[in-house]
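Remarks on the structure that follows.
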Amino acid sequence: MVTWRLAPGSDPSRPSPYISPRIGRGRITSRPSPYISPRIGRGRIIRNRKVLTDSYLPPHLPGRDFQITTFDEYLEPLLYDEQPFDLAFTGKTGTGKTAVARHVLVRKMEELAGAPVKFLYLNCSQANTAYRVMYHLNRAFGILVPPSGYPFDVLFNNFKSVFEGGRLRVVLVLDELDLLVKRDGGRLLYGLTRLNGDLIERSSSLTIVGIANTPDFLERLEERTRSSFKPKRIYFPPYGAGELLDILRERAKLGLVEGTWSEEALSHIAAAVARESGDARRAIDLLRLAAELAEKDGSSARLEVRHAEAALDYVDEGEIEIVIRTLPFHHRLVLQAAAELLHRGDPRPGTGAVYSRYSALARRWQMRPLTLRRVSGILRELESQGVISLEMSYGGARGNTKVVTGMALRPDRMLAKLSKLGVR
DNA sequence: TATCCACCGGAAGATGGGGTAT
DNA sequence: ATACCCCATCTTCCGGTGGATA
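Offset between the first sequence (1-based) and my numbering: plus 9.
Below, the structure written as structure tokens:
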């Protein structure tokens, strides 16, 4: 899974514990987004920077015709004032789920203007508890409630009363729903789906469109939720190289100055990303980064293959430093422990080794060390933030454990950053 | 093929810090 | 001041896990 990249000046015969940011699945790795120049667009090559971000909704969504048509058809009952099915979009990050949802909803809103239909979109990475989702739903209907400290039931009943007031069809899109389910276990989902059954008014209804990265999140719901929430599924496969190329072409056409990019550079990015993940967001980030590198390159006024290559290799130390700086204290100590072990030559320190080193560090700070269970969890958190990379080691009679196989910076650089930030 | 190691990771409960209402 | 609420973080408990080894 992890391919090694040699650190500058290191022994080429030995892999160094230095992961390239394009692997992994962490936050840094999946969205490098390093704005090299603080200028806002209008460079020699970049015409419109906004187009080169994943929040931009393009007019066309290459390769997603089937999903768009299917979603459209599933929403058709709204035209006849009937309740649509619940839906679930599944697929990995950057496969166009959110884009398709927004694309279709925008069209439907125009199509159904004036009808008693309301579309709501909520991202559960921000509203990641049942209470916060309800808080936003209340606000969406103009009901002001405190952001915390209030009984959940009150918020829920507020929301319910919205439907009892008269005819109303609501389509609620819950993006990154798996994050909410992970915490809440589907209790909110259960309540929301049951809501329809409780309504006396048959011309009111709530339809839920859940968007999730993990395909098995439905299976992981608790039993009673699974029996009441039975969505139709729409699957989003990873993009292939051809589709990614179509996406990049369109973004280049809209976001770059005409004639300042080579087709080969786009193909290079598309092929690399298709091989690695099929994540369109990653491809778009790389396009922007490559364009920025090309603008900085004095010897050319064009985005060429070498800029695409450079973008693929780019490590943004500043970005990683920001992540490290915002790490809680014990996370830093765990990271320091792992970095020290790697630096001292242990190529694959396990959880046990990291824990004993960490404990010593914590005691040096006159703090009671967290439990092994917690540190095990912290290692996973560091991994998902792209700071370290982990592998499972199946050691037979010597037991199974996670091992740290690398980090976003060379261990000595990591230690230097940590001590600069005051952990020592 | 049974056992064992050194953890893994889910579940549930404790803790403490934030809030609101009376 | 008191009695509720919400919520993130951490601890405790405990049934796995999978290949090496006896």
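Just so you know, even glycine gets a beta-carbon here, dropped at the ideal spot from N, CA and C.
Predicted model only: the values in this text are computed from it and were never measured.
Within the same chain, and ignoring the five residues on either side of Leu295 in sequence, the residues whose Cβ sits closer than 6 angstroms to its Cβ are Ile278 and Ala320. Taking 8 angstroms as the cut-off, the Cβ atoms of Ala299 and Ala281 do not count as close. Counting only the Cα atoms, Arg291 lies some 26 angstroms from Gly307. About 23 angstroms separates the Cβ atoms of Thr78 and Asn222, ruling out a contact at the 8 angstroms cut-off. With contact defined as three or more Cβ pairs closer than 8 angstroms, the segment 64 to 76 and the segment 254 to 271 are in contact. For the options Ala289, Arg297, Asp325 and Met416, the alpha carbon positioned closest to that of Glu349 is the one of Met416. Cβ neighbours of Leu114 within its own chain (closer than 6 angstroms, five residues either side excluded): Phe128. DSSP links Val109 through a beta bridge to no other residue. The C-beta distance from Val60 to Leu263 rounds to 5 angstroms, short enough to meet the 8 angstroms contact threshold. According to the DSSP assignment, Leu188 belongs to the alpha helix (DSSP H) that extends over Leu186 to Asp193. Judged by their CB atoms, Ala310 and Ala283 are not nearer to each other than the 8 angstroms cut-off. Considered as a whole, the segment 385 to 412 harbours 397 to 403 as its complete beta strand (DSSP E) runs of no fewer than 3 residues, in chain order.
The alpha-carbon separation between Ala371 and Asp322 amounts to approximately 35 angstroms. At the C-beta level, Asn147 and Leu164 come within 8 angstroms of one another.
With respect to the C-alpha of Phe238, the residue from Ile220, Thr269, Gly151 and Tyr199 having the closest C-alpha is Tyr199.
Between Leu188 and Ser236 a beta carbon distance of about 22 angstroms is seen, past the 8 angstroms cut, so the two are scored as non-contacting. The segment 151 to 166 and the segment 205 to 222 do not touch, with fewer than 3 CB-CB distances between them shorter than 8 angstroms. The C-beta separation of Ile333 from Val266 comes to about 37 angstroms, leaving the pair out of contact by the 8 angstroms criterion. One Cα belongs to Thr380, the other to Arg357, and the distance between them is close to 21 angstroms. With 16 or more other Cβ atoms inside 10 Å of its own Cβ, Glu301 counts as buried. Cα atoms of Phe75 and Val180: separation of roughly 21 angstroms, rounded to the nearest angstrom. A direct Cα-Cα distance of roughly 35 angstroms separates Ile217 from Leu336.
Between Lys305 and Ile220 the beta-carbon gap is near 37 angstroms, outside 8 angstroms, which marks them as no contact. Looking at the backbone, the Cα of Ala347 and that of Glu285 are separated by about 27 angstroms.
Inter-residue distance for Thr138 and Ser170 is about 21 angstroms (C-alpha atoms, whole angstroms). Residues Gln92 and Pro93 of the same chain have their beta carbon placed closer than 7 angstroms to that of Pro86, with the five preceding and five following residues left out of the count.
Secondary structure note for Ile278: its alpha helix (DSSP H) is the uninterrupted segment Glu272 to Glu285. With at least 16 other beta carbons inside 10 angstroms of its own, Ser398 counts as buried. In terms of Cα proximity to Lys117, the closest of Tyr83, Arg141 and Ala97 is Tyr83.
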